[in-house]
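Here's the structure, in structure tokens; my notes come after.
Residue numbers (this note's numbering): -9 to 86.
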């Protein structure tokens, strides 16, 4: 099942920059691992914001929740989820 996910990151002011750099490094590693597994299908940065738009390909909403909650920046994210289904007018065969 495909999900459109918007993640807005809101890190509190005053956090230790070295700690935040390490958190971002582990976040990147986790995101790349999920992409390599085919779970995190698409990842786009929203220009000018600390936000992204992503498409996840998972079994259900519970699996999506389980995956995004493993992201190191999860405690600082506002997340919006929209389930997707294939549009009958789509010319792509690999978008389901």
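Every residue gets a Cβ at the ideal spot worked out from N, C-alpha and C, and that includes glycine.
Reduced DSSP secondary structure (H/G/I, E/B, other) of residue i
| i | result |
| --- | --- |
| residue 84 | coil |
| residue 70 | strand |
| residue -5 | strand |
| residue 11 | helix |
| residue 26 | helix |
Bridge partner(s) assigned by DSSP for residue i
| i | result |
| --- | --- |
| residue 61 | The partner list for residue 61 (beta bridge, DSSP) is empty, contrary to what the question assumes. |
| residue 32 | 45 |
Beta-carbon proximity of residue i to residue j, cut-off 8 Å
| i | j | result |
| --- | --- | --- |
| residue -9 | residue 69 | no |
| residue 81 | residue -7 | no |
| residue -1 | residue 66 | yes |
| residue 19 | residue 61 | no |
query: Does the region 22 to 30 touch the region 4 to 12, meaning 3 or more C-beta pairs lie closer than 8 Å?
result: no
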